[in-house]
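Encoded as structure tokens, the structure appears first; notes follow it.
In the working numbering, the protein residues as written are 5 to 586.
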């Protein structure tokens, strides 16, 4: 039996097929721009839209209305029922929530509360109207612009402030928690339309007293990891400083630093490749800023800044000698990049409000009714970026992207922006064979299935088979990626009506290749009696092979590996070889 809040605006429904009556004027839903597809009571919250499904939790847009017109929009992160029955996971979720609730800092996304409703655990989090740094940098690159270097320095100074606060956290006895974020990358840095800079996603953060992440487990985005994190050795706050240095280098240079054609090559680049000077790409960058970047990117932790605050102070000293970039300047920057699409969104919101004004919405929560509503309002929905834009999901719900058109309208009406939220590491899209919402679509199939789909260079979070709708361009370029195969690219004509199917065959699998990280200078790899230098990516035939690591003529590690399609990544941990990221 669900909880029964005393606010009169909550839907009065029980049973398997409830009829829900919602007055937009009385409920406050109209105040945020649109009606909704979901009307589920969850404790003191009304869930109005499903945003994403992660590997262990789901994300919802929800509202809480209290006395005297109090009204708050939040993001609910709710543990999936399967994991709610696992004591170990529940303990991990509780520990994460306790930690997140203490991260009260202007440069860190806020967690409002942790709770439980009918055995389902949840956290309520802050929504952030704005854009993540990945989208900002992509937008700048698309328009062939770059942020002024003093703006880059200012943004990273704010990130350092948030990191230092987290790094300095103690338990209630005053003992340091030795907290490390471990996933600092552009997607986890948000610039709001008010000019704020927020660090998000402490879901993979680890303290020295928390064993929820086993030793040797790698979390975070590969291209932004520190060398010691890749080797699964003991890491401290200086690992986050290295990751922050990578982000700053990429902002200044306008291109990726360590990203290579495959993960094995990326891993090798982080460990061994020389780091180019940012002044090679932008000669106008002052030498003082270059020195800050170089110090943050030192491969030996002892050569980096000791603390994020030290890096922040160095950046602030540099910024003081140049034009300041305050929150108003940052807000103006974002408005200049995304203002036109925000204005278009607001016009659509006004149309939606006109439809809903002074009427009571009566809807039955049957799938066909929800689909009809989605189709009606989808014509009014506006994305957050100009073409090419990621398609709307029909058969799958991707992580980190709002997938219900009306939820997008709700979010846009609140602040004309996007909702950002914290996701568990390892999130994945949900696959289903739901009814098609739009009338025009492109179905993507592949042999073998399970390939990741990108449209116009943007990952969708979908895997084949999947149907894309809401496509406005007359044609789209799709890219399919599947482990063990060469990526496939195709241009698909979008039909005027109906759905077309694009079938892609990957053909023969890639040859097997072996890459081993963590080797010292002078070490060699011996594969089936053949000797290779450390850092070599070695081709392998199908079957089982013997690998030895030799240092100064002595075998220090021995392992059998299987030749399978694609890159087989291993690393040396002490005197043992262990798989990494396969």
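Cβ coordinates follow ideal geometry from the N, Cα and C atoms, glycine included.
Three or more Cβ pairs drawn from the segment 124 to 142 and the segment 94 to 110 lie within less than 8 Å of each other, which places the two stretches in contact.
The straight-line gap separating the alpha-carbon atoms of residue 323 and residue 61 is approximately 41 Å. Scanning 537, 556 and 531 for the CA closest to the CA of residue 548 turns up 531.
Taking residue 114 as the centre and dropping the five residues before and after it, the same chain places the C-beta of 107, 108, 129 and 130 closer than 8 Å to its C-beta, in chain order. Taking a cut-off of 8 Å for Cβ pairs, the segment 285 to 304 and the segment 249 to 259 touch, as three or more such pairs fall below it. Taking the Cα positions, residue 49 is about 29 Å away from residue 199. For residue 470, the enclosing beta strand (DSSP E) stretches over residues 470 to 473. Between the alpha carbons of residue 81 and residue 529 lies a gap of roughly 46 Å. DSSP places residue 507 in no alpha helix (DSSP H) but in the uninterrupted beta strand (DSSP E) bounded by 502 to 509.
Contact annotation: the segment 264 to 278 touches the segment 227 to 234, with at least three C-beta pairs closer than 8 Å.
Contact between the segment 149 to 156 and the segment 327 to 343 is present, with at least three C-beta pairs closer than 8 Å. Within 10 angstroms of the beta-carbon of residue 171 lie 16 or more other beta-carbons, which makes it buried.
CA-CA distance, residue 303 to residue 232, rounds to 8 Å.
When 266, 164 and 75 are compared, the shortest CA-CA separation from residue 570 is found for 266. A direct Cα-to-Cα measurement between residue 118 and residue 136 gives close to 25 Å. Secondary structure note for residue 247: its alpha helix (DSSP H) is the uninterrupted segment 241 to 257. At a Cβ-Cβ threshold of 8 Å, residue 506 and residue 494 count as neighbours. Measuring C-alpha to C-alpha distances from residue 450 to each of 468, 457, 461 and 464 identifies 468 as the nearest. Taking a C-beta distance under 8 Å as the contact criterion, residue 184 and residue 147 do not qualify as a contact pair.
As a beta-bridge residue in DSSP terms, residue 46 pairs with 49. Contact between residue 197 and residue 335 is confirmed by a C-beta separation of about 6 Å, below the 8 Å threshold. According to the DSSP assignment, residue 166 belongs to the alpha helix (DSSP H) that extends over 153 to 171. Apart from the 5 residues on each side of it in sequence, residue 279 sits with its Cβ closer than 6 Å to the Cβ of 301 in its chain, given in chain order. Across the structure, residue 491 and residue 513 are spaced so that their CA atoms are roughly 11 Å apart. With respect to the 8 Å criterion, residue 250 and residue 203 are not classified as neighbours on the basis of their beta carbons. Burial state of residue 78 is buried, judged by a 10 Å Cβ sphere holding 16 or more other Cβ atoms. Under the 10 Å beta carbon count, residue 583 is surrounded by fewer than 16 other beta carbons and is classified as exposed. In this structure residue 110 is exposed. Its beta-carbon is surrounded by fewer than 16 other beta-carbon atoms within 10 angstroms. Apart from sequence neighbours up to five positions away, the residues of its chain that approach residue 166 with a beta-carbon distance below 6 Å are 109, 111, 112 and 203, ordered along the chain. Bridge partners of residue 549 according to DSSP: 565. In this model, residue 511 and residue 488 are separated by some 11 Å (Cα to Cα).
For residue 91, the enclosing alpha helix (DSSP H) has its first and last residue at 91 to 105. Per DSSP, residue 203 lies in no alpha helix (DSSP H); the unbroken beta strand (DSSP E) holding it starts and ends at 201 to 203. Listed in chain order, the non-local C-beta contacts of residue 579 below 6 Å within the same chain comprise 560 and 561, local neighbours out to five positions each way being set aside. If you draw a straight line from the Cα of residue 169 to the Cα of residue 143, it is about 30 Å long. Of the residues assessed, residue 138 falls on the exposed side of the cut-off, its CB having fewer than 16 other CB atoms within 10 angstroms.
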